[in-house]
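Novice: One structure, as structure tokens, below. Some questions next.
Protein chains in written order, with the working numbering: chain A, 2 to 452; chain B, 3 to 327.
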């Protein structure tokens with residue numbers, strides 16, 4: 002074999018080198034697809050692949066959909082951003098992606114990744130324009146601003162996520178007066194109440210007064226909006242944390258963490274708010290309406306102990322935003338968009354939506370479904386009354402950018418906040434650092450689009 | 003034609019294979035190696051080539067556009083304070099973990115090589131951590147170092163020390179080192195195997211010549227096992243530089259989303275975590291690829307340095323270059 006000049010080690014290595022080089026050249030030559038125009042057509046027979054967290058869509062819901070659309074077979078793949086990226090890059094995306102409209106709409110719409118759904122909504126007899134709740138404006142994008150323009154998705158169910166709950170037993174045990182659920186509390190008052198309820202002994206906190214305070218961009222932007230400010234610039238390409246309103250919000254988060262009134266980025270919990278509240282380790286939870294169904298399903302004994310409250314205010318502008326409007330979008334290269342839209346109709350406005358809303362899992366995407374919110378007992382009645390009042394203050398707070406996903410911004414915030422909470426950095430210096438670092442992330446995102 | 007044919011037949015007559023035979027031999031050769039060739043081509047060479055290409059782009063992982071940015075990603079890797087800080091943190095981690103691992107596993111192996119009661123049980127116990135899956139190991143340590151219910155803080159409480167937050171801030175780095183050192187077992191087994199190859203007659207001869215325990219270790223044992231120690235050093239350096247899973251699993255879960263690494267304390271923000279963040283948190287596939295290419299060069303350079311400086315001290319019973327002559 003060694004006698005054959007065709008198979009020397011060198012020639013084999015050359016071949017491999019050419020292959021690696023070929024990969025480079027092939028990749029150089031490849032270009033992505035373009036946004037395809039939306040076109041309503043009949044549902045084609047085939048598979049409908051939905052990327053959604055495992056377990057969220059039940060087998061019964063799939064069966065109900067397949068009964069209504071027997072030509073479609075639903076398959077689910079677990080939410081996995083890496084896999085989604087790979088599928089999008091390969092031009093073989095899922096038919097539906099479950100995501101947070103507040104966070105992703107400018108990004109997926111501006112890059113041509115999501116299908117413009119205007120023509121589908123125009124022809125829908127289920128998701129009628131006049132019936133769609135304003136929260137779905139989070140799924141709108143006009144090329145420059147979120148909240149207006151074409152629709153790119155719809156919420157499956159949602160909550161006003163700055164609303165909060167408190168354990169009435171811990172509240173009164175700390176000598177605090179019961180609150181009117183519909184009257185918003187100030188963030189400063191919340192800190193005072195949290196101090197009264199936090200129990201520390203031997204350096205160990207046995208009871209946190211406040212909820213798990215995460216330095217998320219949604220939360221900060223919402224706080225700032227209640228004080229009449231704004232974090233992101235009009236063209237969505239830069240942020241500014243140095244305004245008086247933004248610094249006020251940063252100070253609140255830093256103080257809560259420094260004083261150990263709640264779990265924080267420097268002392269994170271083993272779990273999220275729910276289990277901590279039900280374990281008696283936390284007096285408050287910052288969760289929206291959906292927490293009703295969760296409480297009933299997992300800790301019914303807490304129904305009599307919890308009070309649901311209006312979103313707190315940093316200033317005097319009453320705004321109660323959503324941090325998600327979680328629902329679905331259809332990738333531009335989805336193979337059967339009509340079937341994808343049929344799922345949207347069924348799951349977000351049709352029979353499946355009705356069943357979920359009636360179970361207290363969240364607020365509906367359609368106004369006509371609001372009467373389905375469960376009011377079977379005193380707990381549900383009180384919660385729904387508070388929720389109905391709060392609906393008057395829903396507003397999409399502009400927070401997302403076409404240049405970076407909120408994941409990137411939140412990673413940056415989580416890296417910088419500990420410097421002020423457990424380090425010696427002042428809030429002013431933190432504001433400047435956040436502005437610099439987040440703007441660098443946005444600039445890198447802009448560069449990645451060749452701008 | 004005739005001349006060629008004659009020449010060909012002449013060659014065949016002298017024992018050289020003819021064209022048909024060479025072709026058949028070539029087909030057989032490629033037939034046998036094709037599984038490896040296809041695997042390497044599809045799973046190594048193509049991805050490496052693609053990653054090198056991506057490192058010259060500003061691709062965000064989703065967009066159909068892959069803007070060519072030339073060397074700017076490399077320029078940023080080599081000048082970014084954040085990236086250089088994760089690299090230096092990784093080098094510090096390696097500088098701590100590698101010597102302790104090599105020396106610690108050798109000392110424990112020597113202990114286990116002695117004749118004593120319960121030696122087999124002790125060997126098994128020490129090796130067990132090496133066969134525990136890394137995910138399970140990291141989670142066990144996470145529970146042990148939990149601030150509120152962990153064993154570490156309970157032990158400290160016995161001495162009146164207030165509970166420490168082990169998994170955040172600077173303490174997280176200590177926990178990461180502990181987790182990496184916990185799996186000494188495999189190193190011990192390799193050392194133990196090496197120690198058992200040291201010729202007993204050489205040890206006996208050294209003893210007869212008056213060499214004490216240290217002398218026997220220095221002049222007989224160490225040279226005999228030095229190739230194994232070199233192999234272990236190279237392997238431990240490479241694996242420690244690439245530390246990822248323990249760092250990510252030790253970080254608190256908190257409210258971070260799927261695929262998001264927001265809760266990793268800065269002290270454990272090692273190079274591969276930074277790479278992961280660049281890809282999956284910041285959607286900077288081009289920059290992340292450039293980081294990987296630079297890291298590959300760093301690892302190759304460090305391996306070369308180890309061979310240059312430690313290779314001289316290695317004693318080979320058989321000349322490693324003998325086969326090349």
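We put the beta carbon where it would ideally sit given N, CA and C, even for glycine.
(1) Nearest CA to the CA of residue 328 of chain A: which residue from A:99, A:47, A:88 and A:64?
(2) Please confirm whether residue 282 of chain B has its beta-carbon closer than 9 Å to some beta-carbon of chain A.
(3) Helix, strand or coil for residue 167 of chain A? Go by DSSP, reduced to three states.
(4) Could you name the residues that DSSP lists as bridge partners for residue 304 of chain B?
(5) Under 8 Å by Cβ, that's how I've got residue 242 of chain B and residue 85 of chain B pegged, so tell me the actual separation to the nearest angstrom.
(6) Return the first residue and the last residue of the alpha helix (DSSP H) that residue 217 of chain A is part of.
(7) Put residue 328 of chain B into one of helix, strand or coil per three-state DSSP.
(8) Check each residue of the stretch 267–300 of chain A: if its Cβ is closer than 9 Å to any Cβ of chain B, include it; give the result in chain order.
(9) Give me whichever residues DSSP pairs with residue 106 of chain B in a beta bridge.
(10) With distance defined between alpha-carbon atoms, name the residue in A:222, A:199 and A:234 nearest to residue 257 of chain A.
(11) Rounding to the nearest angstrom, what Cα-Cα distance links residue 248 of chain B and residue 21 of chain B in this structure?
(12) Distance, Cα to Cα, residue 304 of chain A vs residue 171 of chain A?
(13) Is the Cβ of residue 430 of chain A closer than 9 Å to any Cβ of chain B?
(14) For residue 72 of chain A, collect the residues of the same chain with a Cβ closer than 7 Å to its Cβ; drop the 5 residues on either side in sequence, then sort them by chain order.
(15) Could you tell me which residues DSSP puts in a beta bridge with residue 141 of chain B?
(16) Which of the three DSSP states, helix, strand or coil, is assigned to residue 274 of chain B?
(17) Any idea what DSSP makes of residue 33 of chain A, helix, strand or coil?
(18) Label residue 82 of chain A either buried or exposed according to how many other C-beta atoms from any shown protein chain fall within 10 Å of its C-beta, with 16 as the threshold for buried.
(19) With 9 Å as the threshold, decide whether the Cβ of residue 170 of chain B is near any Cβ in chain A.
(20) Report the CB separation of residue 219 of chain A from residue 407 of chain A in whole angstroms; it is logged as a contact under 8 Å.
(21) Could you have a look at residue 181 of chain A and say whether DSSP puts it in helix, strand or coil?
(22) Taking the C-alpha atoms as reference points, what is the distance between residue 268 of chain A and residue 161 of chain B?
(23) Name the DSSP bridge partner or partners of residue 329 of chain A?
(24) For the candidate residues B:299, B:318, B:311 and B:310, whose alpha-carbon lies nearest to that of residue 54 of chain B?
(25) State the CB to CB distance for the pair residue 153 of chain A and residue 106 of chain A, rounded to an integer number of angstroms; the pair is presumed to be in contact (CB under 8 Å).
(26) Residue 286 of chain B versus chain A: which residues are under 8 Å apart at the beta carbon?
(27) Quick one: is residue 3 of chain B buried, meaning 16 or more other Cβ sit within 10 Å of its Cβ, or exposed?
(28) Please say whether residue 100 of chain B and residue 245 of chain B have beta carbons closer to each other than 9 Å?
(29) Since residue 403 of chain A and residue 151 of chain A are thought to touch, with beta carbons under 8 Å apart, how far apart are those beta carbons, to the nearest angstrom?
(30) Could you pull the start and end residues of the beta strand (DSSP E) that residue 47 of chain A belongs to?
(31) Of all the CB atoms in chain A, is at least one closer than 9 Å to the CB of residue 279 of chain B?
(32) First and last residue of the beta strand (DSSP E) that includes residue 202 of chain A?
(33) Please confirm whether residue 309 of chain B has its beta-carbon closer than 9 Å to some beta-carbon of chain A.
(34) Any contact between the stretch 100–116 of chain B and the stretch 139–153 of chain B? By contact I mean 3 or more CB pairs, one from each, below 8 Å.
(35) Tell me whether residue 310 of chain A sits in a helix, a strand or coil according to DSSP, three-state version.
(36) Counting only the same chain and skipping the five closest in sequence on each side, list residues whose C-beta sits under 8 Å from that of residue 207 of chain A.
Specialist: Taking the geometry as given:
(1) A:99
(2) yes
(3) strand
(4) For residue 304 of chain B, which the question treats as bridged, DSSP gives no partner whatsoever.
(5) About 18 Å separates the two Cβ atoms, so there is no contact after all.
(6) For residue 217 of chain A, there is no enclosing alpha helix (DSSP H), as DSSP marks it with neither H nor E.
(7) Beyond the ends of chain B as shown, which are 3 and 327, falls residue 328 of chain B; an answer cannot be given.
(8) Listed by position along the chain: 267, 268, 269, 270, 271, 272, 273, 274 and 282.
(9) Residue 106 of chain B is not bridged to any residue.
(10) Of A:222, A:199 and A:234, the residue nearest in Cα terms is A:199.
(11) Distance between the alpha carbons of residue 248 of chain B and residue 21 of chain B is about 57 Å.
(12) 14 Å
(13) no
(14) 44 and 46
(15) Per DSSP, none; premise fails for residue 141 of chain B.
(16) Helix at residue 274 of chain B.
(17) The pLDDT assigned to residue 33 of chain A is 33, lower than 50, so where the model puts this residue is not dependable; a value taken from the coordinates is nonetheless given after this. Coil.
(18) Buried: at least 16 other Cβ atoms inside 10 Å.
(19) yes
(20) 7 Å
(21) Three-state DSSP puts residue 181 of chain A in coil, outside helix and strand.
(22) 23 Å
(23) For residue 329 of chain A, DSSP records a beta bridge to A:99 and A:155.
(24) B:299
(25) 6 Å
(26) 445 and 449
(27) Here residue 3 of chain B scores only 41 on pLDDT, less than 50, and its place in the model should not be relied on; the value that follows carries that caveat. That one is exposed.
(28) no
(29) Not really, about 14 Å apart at Cβ, beyond 8 Å.
(30) 47–52
(31) yes
(32) 200–202
(33) no
(34) no
(35) Correct three-state label for residue 310 of chain A: strand.
(36) 200, 201 and 282
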